[in-house]
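Following the numbering used here, the numbering of the sequence shown begins with 15 at its first residue and continues without gaps. Glycine included, every Cβ here is placed at the ideal spot set by N, Cα and C.
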Amino acid sequence: MSRLDEKIKRVFPEESVHKCPKEYEIFSGYSLPSFVKDWIFRKFTDEYGNIDKDALKLFLDTYIAHKGSKIKGDLINDLKEITLLARIEIEPDIKQGILRFSIPDIGIKLNEGWIPPHIARKYPELKGGEVWGVVKLAYIPPEKTRMGVIEIVDYKPFKPYEVDIEYFREKRKEFTLEEWIDLLIRSMEYNPEGFQSLSQKLLFLARLLVFVEPNLNMIELAPKGTGKSYTFNNLSKYGWVMSGGTVSRAKLLYDMSRSTPGIITRYDFVTLDEIENIKFTDVNELRGALKNYLESGYFSIGNYRGVSSSGFMLLGNIPLSKDKRPVNKKYFANLPNFFQDSALLDRFHGFIEGWKLPRMREDLKLRGYALNVEYFSEVLHNLRKIPDFNGIVGSILDMPKNADTRDTKAILRICTAYLKLLFPHVSEERDIDKKDFETYCLKPAINMRRIIKEQISLIDSEFSNTLPDIKVR
Numbered sequence: 015m016s017r018l019d020e021k022i023k024r025v026f027p028e029e030s031v032h033k034c035p036k037e038y039e040i041f042s043g044y045s046l047p048s049f050v051k052d053w054i055f056r057k058f059t060d061e062y063g064n065i066d067k068d069a070l071k072l073f074l075d076t077y078i079a080h081k082g083s084k085i086k087g088d089l090i091n092d093l094k095e096i097t098l099l100a101r102i103e104i105e106p107d108i109k110q111g112i113l114r115f116s117i118p119d120i121g122i123k124l125n126e127g128w129i130p131p132h133i134a135r136k137y138p139e140l141k142g143g144e145v146w147g148v149v150k151l152a153y154i155p156p157e158k159t160r161m162g163v164i165e166i167v168d169y170k171p172f173k174p175y176e177v178d179i180e181y182f183r184e185k186r187k188e189f190t191l192e193e194w195i196d197l198l199i200r201s202m203e204y205n206p207e208g209f210q211s212l213s214q215k216l217l218f219l220a221r222l223l224v225f226v227e228p229n230l231n232m233i234e235l236a237p238k239g240t241g242k243s244y245t246f247n248n249l250s251k252y253g254w255v256m257s258g259g260t261v262s263r264a265k266l267l268y269d270m271s272r273s274t275p276g277i278i279t280r281y282d283f284v285t286l287d288e289i290e291n292i293k294f295t296d297v298n299e300l301r302g303a304l305k306n307y308l309e310s311g312y313f314s315i316g317n318y319r320g321v322s323s324s325g326f327m328l329l330g331n332i333p334l335s336k337d338k339r340p341v342n343k344k345y346f347a348n349l350p351n352f353f354q355d356s357a358l359l360d361r362f363h364g365f366i367e368g369w370k371l372p373r374m375r376e377d378l379k380l381r382g383y384a385l386n387v388e389y390f391s392e393v394l395h396n397l398r399k400i401p402d403f404n405g406i407v408g409s410i411l412d413m414p415k416n417a418d419t420r421d422t423k424a425i426l427r428i429c430t431a432y433l434k435l436l437f438p439h440v441s442e443e444r445d446i447d448k449k450d451f452e453t454y455c456l457k458p459a460i461n462m463r464r465i466i467k468e469q470i471s472l473i474d475s476e477f478s479n480t481l482p483d484i485k486v487r
């Protein structure tokens, strides 16, 4: 066990977990994100790291939805209630005036499941989108005027941790900055020793920025195999990921026919993965509404005015030359026509150069202690709610009076996100070394915003590629 392993285990005795790819093979055959796997693994591991594999396997077989299970048949034939920890997809049925649900992992289709009104009123998260929760199911046989349905009898959100964020912030003081960076990378399920440099580690951590900062909009383009999809699909239940398919104004922002707010109102961040393969409907209306939202956090659809703190993340692939540089100097060339709009792109705060990150290799797989992903995801979620960091960053930075507002807002938000990740213990300006802030927060923020500006200027000559001279006071 390394010194960092020992420190993580000592400082976070209840929140840490030992990761080993071989031990996690027990989850083979189950479609589970990391935040669920870690919680289950921790549940059946004692203080010495010993795993009760028999009990863990019994739990999986009993309570976890998986393809090939006979749960659907048992519900119908035995007429008994069954409790599961499952991923549930919910969609309103406007014609019937009901909420329908599906559980793809056990074959329950959207037209087979329904949510009673009293359950929907009790749990607002069941009004649309995708959720993880402990759900009790029962089969309601057909009647003369109604087909048989599978009903949600009871529901409990999957939220096993009530995080004391001040406890987490205080524990940061026991780590050096280098140790803390490595802990964060471990908690993303990567081995920090597999990275080439500190700057590469910081760039990798940039994927977490939208997890911790409200209304932060980012773009990452990278070759396949660099793990960008894995991060957003596995580390948090508070994010929504769409890979391919079609995006409409109704789905994303507000559905006028159903009087239902869209997914952007229900999650910490929305990720459009494989962006080059996504199609958009109602292009002009959606683009206009999205511009307003990315700018202000507000959107208007008809008479409806919505607000959200959800961030926006675009993930896409980019062709590289033999020297691992983009073939096209115009990075946004492969984005859909929907995003070939300089004013829309200008509302994205920063750009992550994903080609500078390593492809997944064996030496990047974590073997050691890290924060339990479910605990880590709750920490990231709670860091969004702390307003102090924004004021600290504002007091540290010297903004020119004639600076472009979008540039200053972008750099301020990215700096704030890095401050939350790397220096969560800071509660006032004097708590952080100005040189550290400049190196680990300001410089990365400026670089990310600079790339956005340069790329937009290649699309539209009316846009300047220069940034205001923002400095540490």
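In its own chain, which residues sit with a C-beta less than 8 Å from the C-beta of residue i, not counting the 5 before and 5 after it?
| i | result |
| --- | --- |
| Pro138 | none |
| Pro458 | Leu216, Leu217, Ala220, Ile428 and Tyr432 |
| Phe58 | Ile65, Asp66, Lys67, Ala69, Leu70 and Phe73 |
| Lys187 | His439 |
| Arg381 | Lys33, Cys34, Pro35 and Asn205 |
What span of residues does the alpha helix (DSSP H) with residue i cover, start to end?
| i | result |
| --- | --- |
| Ala424 | Thr419 to Leu436 |
| Pro106 | Where Pro106 is concerned, there is no enclosing alpha helix (DSSP H), although the beta strand (DSSP E) it sits in stretches over Ile96 to Asp107. |
| Met462 | Lys457 to Ile473 |
| Phe352 | Counting along the chain, Phe352 falls outside any alpha helix (DSSP H), and DSSP gives it neither H nor E. |
| Tyr244 | Lys242 to Asn248 |
| Gly87 | Ile85 to Asp92 |
| Phe218 | Leu212 to Leu219 |
| Val321 | That residue, Val321, is in no alpha helix (DSSP H); its beta strand (DSSP E) goes Tyr318 to Val321. |
Please name the residue in the options whose C-alpha comes closest to that of residue i.
| i | options | result |
| --- | --- | --- |
| Leu222 | Ser243, Tyr383 and Leu308 | Ser243 |
| Tyr307 | Cys429, Phe283 and Pro401 | Phe283 |
| Glu39 | Ser30, Glu29, Pro27 and Asp52 | Asp52 |
| Lys434 | Lys141, Glu290, Pro35 and Ile195 | Ile195 |
| Val341 | Leu358, Asn351, Trp369 and Ser116 | Trp369 |
| Glu105 | Ile164, Lys467, Val393 and Ser116 | Ser116 |
| Asp402 | Pro27, Phe73 and Arg183 | Arg183 |
| Pro206 | Leu70, Leu397 and Met374 | Met374 |
| Ile289 | Phe437, Lys238 and Glu476 | Lys238 |
| Ser48 | Ser323, Asp88 and Phe246 | Phe246 |
| Leu481 | Leu18, Lys415, Arg487 and Arg444 | Lys415 |
| Gly43 | Ile54, Lys81 and Ile164 | Lys81 |
| Gly258 | Ile473, Pro131, Pro350 and Lys485 | Pro350 |
| Tyr169 | Gly87, Lys336, Ile133 and Phe477 | Ile133 |
| Leu334 | Glu367, Glu309, Gly325 and Asn396 | Glu367 |
| Pro228 | Phe189, Pro118, Leu394 and Gly241 | Leu394 |
Among the residues of its own chain, which have a CB less than 7 Å from the CB of residue i, if the five just before and after it don't count?
| i | result |
| --- | --- |
| Ile321 | According to the sequence provided, residue 321 is Val. The question's Ile does not apply to it. Only Gly311 and Tyr312 meet the Cβ criterion. |
| Trp146 | Val50, Arg101, Phe172 and Lys251 |
| Arg301 | Phe352, Asp355 and Leu358 |
| Tyr77 | Thr97, Leu98 and Leu99 |
Tell me, please, which residues DSSP counts as bridged to residue i.
| i | result |
| --- | --- |
| Glu340 | Checking the sequence, you will find Pro at residue 340 rather than Glu. Beta-bridge pairing links Pro340 to Leu334. |
| Glu144 | Glu103 |
| Leu305 | According to the sequence displayed, residue 305 carries Lys and not Leu. DSSP output for Lys305 lists no bridge partner at all. |
| His80 | For His80, which the question treats as bridged, DSSP gives no partner whatsoever. |
| Val486 | Leu411 |
| Lys136 | Note: Lys136 sits in no beta bridge, so no partner. |
| Met256 | Leu286 |
| Thr279 | Thr279 pairs with nothing; no bridge assigned. |
| His32 | Tyr383 |
| Ala69 | Paired residue(s): none; Ala69 is not in a bridge. |
| Glu157 | Arg160 |
Between which two residues does the beta strand (DSSP E) holding residue i run?
| i | result |
| --- | --- |
| Met232 | Asn231 to Ala236 |
| Gly408 | Here Gly408 belongs to no beta strand (DSSP E); instead the alpha helix (DSSP H) covers Asp402 to Ile410. |
| Arg444 | Looking at the DSSP string, Arg444 is not in any beta strand (DSSP E), and its letter there is neither H nor E. |
| Val163 | Val163 to Pro171 |
| Ser48 | Not the beta strand (DSSP E): Ser48 falls in the alpha helix (DSSP H), residues Ser48 to Lys57. |
| Ser116 | Ile112 to Ile117 |
| Leu312 | Looking at the sequence provided, one finds Tyr at residue 312 rather than Leu. Residues Tyr312 to Ile315. |
Spatial neighbours of residue i within its chain, please: CB distance less than 6 Å, with the 5 preceding and 5 following residues excluded, ordered by chain position.
| i | result |
| --- | --- |
| Leu489 | There is simply no residue 489 to check, as the chain begins at 15 and stops at 487 in what is shown. |
| Ser83 | Ile120 |
| Ile129 | Leu113, Phe115, Leu140 and Ile166 |
| Tyr389 | Glu29 and Tyr175 |
| Glu392 | Tyr175 and Val177 |
| Ile332 | Leu235 and Pro340 |
| Pro35 | Lys379 |
| Trp254 | Ile277, Tyr281 and Val284 |
| Leu286 | Met256, Ile292 and Leu328 |
CB of residue i to nearest heavy atom of the ligand COA: below 7 Å?
| i | result |
| --- | --- |
| Lys51 | Ligands in the displayed structure: none, and consequently the ligand COA is not present. |
Okay, do the segment 211-226 and the segment 291-304 touch, 3+ Cβ pairs below 8 Å being the bar?
-> no
Do the segment 363-372 and the segment 417-430 meet, that is, are 3 or more Cβ pairs less than 8 Å apart?
-> yes
Three CB pairs or more closer than 8 Å across the segment 232-241 and the segment 332-348 = yes
With a cut-off of 8 Å, do at least 3 Cβ pairs link the segment 146-158 to the segment 103-114?
-> no
Touching or not, the segment 195-212 and the segment 405-416, by the rule of three or more beta carbon pairs under 8 Å?
-> no
When the Cβ atoms of the segment 19-34 are set against those of the segment 369-385, are three or more pairs found closer than 8 Å?
-> yes
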